[in-house]
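Chains A and B supply the protein sequences, listed in that same order. For the first sequence, position 397 (counting from the first letter as 1) is numbered 389 according to our numbering, and the numbering increases by one without interruption. For the second sequence, position 373 (counting from the first letter as 1) is numbered 365 according to our numbering, and the numbering increases by one without interruption. Heads up, the beta-carbon is just placed ideally off N, CA and C, and yes, glycines get one too. What follows is a short report on a single structure.
There are 2 protein chains.
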Amino acid sequence: MSRVDELVHMLGQSHVLTGEEAQPYTVDWRGRYTGQALAVVRPGSVDEVAAVMRWSAAHRVPIVPQGGNTGLCGGATPDSTGDAVVLSLARLNQVRSVDTDNDTMVVEAGCILQSVQQAARDAGRLFPLSLAAEGSCTVGGNLATNAGGTQVLRYGNARDLVLGLEVVTPEGDIWHGLRGLRKDNTGYDLRNLYIGSEGTLGIITAATIKLYPLPVAQCTAMLALNSVEDAVKVLSMARQGFGAALTGFELIARNCLEGVTHCYPQQRIPFDGPSAGLPWYALLELSDSESAEHARERFEAVVGEAIEAGVVADAVIAENITQSKALWHLRESIPLAEKAFGKSIKHDVSIPVSRMADFVRTTNAALQSHFPGIQHVIFGHLGDGNLHYNVARGDVFSEADLLDRQAAIYDVVHDSVHQFGGSISAEHGVGQLKRDALPRYKDPVELALMHRIKQALDPQGLMNPGKVLAAAKH
Amino acid sequence: MSRVDELVHMLGQSHVLTGEEAQPYTVDWRGRYTGQALAVVRPGSVDEVAAVMRWSAAHRVPIVPQGGNTGLCGGATPDSTGDAVVLSLARLNQVRSVDTDNDTMVVEAGCILQSVQQAARDAGRLFPLSLAAEGSCTVGGNLATNAGGTQVLRYGNARDLVLGLEVVTPEGDIWHGLRGLRKDNTGYDLRNLYIGSEGTLGIITAATIKLYPLPVAQCTAMLALNSVEDAVKVLSMARQGFGAALTGFELIARNCLEGVTHCYPQQRIPFDGPSAGLPWYALLELSDSESAEHARERFEAVVGEAIEAGVVADAVIAENITQSKALWHLRESIPLAEKAFGKSIKHDVSIPVSRMADFVRTTNAALQSHFPGIQHVIFGHLGDGNLHYNVARGDVFSEADLLDRQAAIYDVVHDSVHQFGGSISAEHGVGQLKRDALPRYKDPVELALMHRIKQALDPQGLMNPGKVLAAAKH
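Written out as structure tokens, the structure is:
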């Protein structure tokens, strides 16, 4: 029997894809990485996942786990050898249980994020993980990459939203770890080791996730600011004034808003006069457990204080849900509107908030000195210290010029990030894209420890090879 | 040169203790475990810690890390062979830096928790970790055991309060991981692996911890309840009504309060008439970012609703700080007042909140059927699903009878915990005390993975041997 026939025997003809059927699973959605696969398998249960893993271990066949295939770093795309089997979790898509008294829900890895959010809402609860790809990405992928998104400031990353896991090891053993406990100090934290390991240590097949009360009201405001320093000061005032009710704080450079209104003329910057010409804007969101009026009062108090202190130049507080949505829509349109600047080189970086202003100033200057006339397109989740620091060609470079300089631009930005104590991947992970940059920036002791863990949990090196870490040195 | 002379040569005479000077470090504070040590060393810097570890690795000398020596499971006490060196972190007690804009602080492992709380307050911030031993325990010990305490409901365990670590490996390498980043997806989560590993994988020498805004006001209430079911319902209403402002929810059985007023007659149960005779009480705390009046209004709204729904029988809301402190003092006096019941067998367990009432009913019945007349002394952090389910001799057993039955009582309670999907150590860790119970309750795949990680990160088995895991099977 051929390898593929063995898989068909195990899972049935319709759940083993090859040839053209397999093709969509072997290229990432942005078309940056194209690979080959021996086959794509779609097991329908954790026991079938375990069977595939035992088969993989016996025959030394590499496995590439895949969720919604919406990753940004090529982490779910096989290499070009065609040796690997892509293991799609798409059929493990059940909400196994909802426990409102415990504020938990058990969901399988293949559940689409949006359907999990909806299942929580149906139970009168909030599952706060929220990101652009939520209509297609899966919980398993979210956990494998420790996804971030717009609610991290209040609720944390994907990691912070999980209590328990079910995991299949490379040997095909099942760890039944779906505990719904907020406190459990009986040994090493395997849960957090698998979360964020991008499928290189084992396969997450289900998770016990945390639910929260739905907010009673939300209120949004946009602030016009003179500097990143002022944005950091307002953030500090908002944390103090709103406590845990502060659920969003986004920083936006003016040219990003101009890009949006250029691409989508029906949208507008909500300021007139000199305020419309300031260099920076911030979008704040407050989630209130009392009422819309109460949310607005609190907003007015803190923003009023910030204006009086000269930290905020101007402010618009949404009067209603429609206005609130319009403000968020401006922010959410930025990634699409970036095409106004032509192709750009994107960076997903984090910096301690206190060093953010210095980082932006220093990095802008470094780029200008290396590439005079290049354009900065900067926005991000300031509340988390996470900046999408993107670089466009401006008036002086052609697209080809810019792409020729891609590696050099990465180095200038990432070197600066490193110098300011930051991370070169805040929320997208490592995958293939940043794997070879890791040794340049990662503490060598840390990198060596990561290799030891990889060797301990995947001694045959079959789990998503070539992702996160280069092949282990034996 | 003798081994001890080598240590003296490395650290100086005054930082290497032997004989009587070493004795306080070789017994746990409750006097349950007594060990022997080759010596106690008190390095004064991370480089000195690394030097001791290199020496330990070269000569295969086991190392027992120790903080404030306030642990409850014997995790910091050496065994009786006298082969090990106790490594005290007490001299690494500096607050290295405070960054209010980033809401972080870098503290060394030997800092006393209370001094860290104070340093945060001096900077106008809250470090929320808070527990009974805070005047003597150290941050290093808190992280090694992933300490819990009274603020977990809102702020999480020690693990949730840390962004970065500095760790010395068993080989004496230093991982410089003191990142102050809220988002960093560049590889495996080593931070959470070391946190909670009880010194069996390496030595945490410093941490970057998270700071929060100080609450503007706090309000406390005590509720009288007919059942644990009702307590769970009120918890759900309080979560919904207060959101993240709910910072405490403690459950207390009436006999615990009676024990307190028996031992400390100046304290009183704040209810009269039938409410004073109900079986259960709950202590709620709300932390408000606005004002004392606002906190009280919110409290009255939610408690009023709960009374109307028949879920709360009676309620006392503290009028001022003095009354609030008196209510907390009642709760905090329980562990000391337990002596009113004679010696007791203590359990630190967690259960999904939704199964708590069933767990208490079932476990009480099981104990009564095995040991008729035995007494239950139950209180704990209901908001976290964490119960201190203690068992006293009642009127029918002598102390000796009770202690004779200790192992059997552990088994009845822990078997029940296991049956209800709970954990036999919610916040105290494993240490020596619960090490041999682990294989009875832990998923065997999980336990095997823990052994693999131990083997990968401490291949010579020199880090705190015999704690958490039994010696690895080679």
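Residue i and residue j closer than 8 Å at C-beta
i	j	result
L170(A)	A150(A)	no
T192(A)	K459(A)	yes
I450(B)	P70(B)	Checking the sequence, you will find Asp at residue 450(B) rather than Ile. Cβ atoms of D450(B) and P70(B): not closer than 8 Å.
L394(A)	I309(A)	no
H339(B)	Y381(B)	yes
G334(A)	A384(A)	yes
G66(A)	Q398(A)	no
N218(B)	L270(B)	yes
Y147(B)	I445(A)	no
A329(A)	V252(A)	yes
A349(B)	V404(B)	no
Residue of the options minimising C-alpha distance to residue i
i	options	result
T62(B)	R323(B), V32(B), A332(B) and A125(B)	A125(B)
N312(B)	Q258(B), S283(B), P457(B) and H339(B)	S283(B)
E190(B)	D435(B), G251(B) and E419(B)	E419(B)
P344(B)	V0(A), A139(A) and M97(A)	M97(A)
L(-1)(B)	G23(B), D93(B), L105(B) and S48(B)	S48(B)
N85(B)	S325(B), V56(B) and R34(B)	R34(B)
I201(B)	T92(B), F389(B) and L359(B)	T92(B)
W21(B)	A349(B), V226(B), S325(B) and Q58(B)	Q58(B)
Same chain, Cβ closer than 8 Å to residue i, neighbours up to 5 away in sequence not counted
i	result
D75(A)	L30, V53 and P54
L206(A)	R113, G116, R117 and L118
V(-4)(A)	V8, T10, L30 and A31
A475(B)	This structure cannot speak to residue 475(B), because chain B is shown only from -7 to 466.
L173(A)	L155 and G156
V19(A)	Y25, T26, G27 and T69
T142(A)	S122, L123, G240, E242 and H373
D280(A)	P207, V208, A209, Q210, C211, A237, H286, A287 and R290
Y17(A)	L9, A29, V32, Q58, N61, V78 and S80
Integer-rounded CB distance, given that residue j should sit under 8 Å from residue i
i	j	result
V108(B)	V144(B)	Actually they are not in contact, since the Cβ atoms of V108(B) and V144(B) sit about 17 Å apart, beyond 8 Å.
V341(A)	G233(A)	About 28 Å; that fails the 8 Å criterion.
L105(B)	C129(B)	5 Å
Close beta carbons around residue i, own chain, < 7 Å, minus the five adjacent residues each side
i	result
L249(B)	I261, Y273 and L322
G11(A)	none
V160(A)	V38, V41, A42, M45, I166, G194, I195 and T197
A448(B)	none
K465(B)	Confidence at K465(B) is low in this model, with a pLDDT of 47, below 50, so the placement of that residue should be treated as unreliable; the coordinate-derived value is given next. Within the same chain, K465(B) has no close Cβ partners at all.
R231(A)	L238
K439(B)	Position check: residue 439(B) holds Leu in this sequence, whereas Lys was assumed. These residues qualify, in order along the chain: L430 and P431.
V352(B)	V220 and I370
Y433(B)	H406, H410 and I416
N356(B)	H368
A101(B)	G59, L81, L84, T130, V131, G132, I196, T197 and A198
Limits of the unbroken alpha helix (DSSP H) element including residue i
i	result
M229(A)	V220 to F234
P431(B)	L430 to Y433
R88(A)	Looking at the DSSP string, R88(A) is not in any alpha helix (DSSP H); the run it does join, the beta strand (DSSP E), is V87 to D91.
E419(B)	Here E419(B) belongs to no alpha helix (DSSP H), and DSSP marks it neither H nor E.
D340(A)	It is not in any alpha helix (DSSP H) - D340(A) instead sits in the beta strand (DSSP E) that spans D340 to S342.
Span of the beta strand (DSSP E) around residue i
i	result
A199(B)	I195 to K202
F241(B)	L238 to A245
N94(A)	Run containing N94(A): none; DSSP gives neither H nor E here.
L359(A)	Run containing L359(A): none in the beta strand (DSSP E); it sits in the alpha helix (DSSP H), M348 to H362.
T212(B)	A209 to L217
E277(A)	W272 to D280
S72(A)	Element bounds for S72(A): n/a, residue is neither H nor E.
H380(B)	N378 to A384
H168(A)	I166 to G169
I309(A)	D306 to I309
F371(A)	Q367 to H373
Cβ neighbours of residue i in the same chain (closer than 6 Å, five flanking residues each side left out)
i	result
L215(A)	A274, V304 and A307
A14(B)	A29 and V32
G36(A)	R83
R347(A)	F412
V56(A)	P70, A76, V78 and N456
L379(A)	V341 and G372
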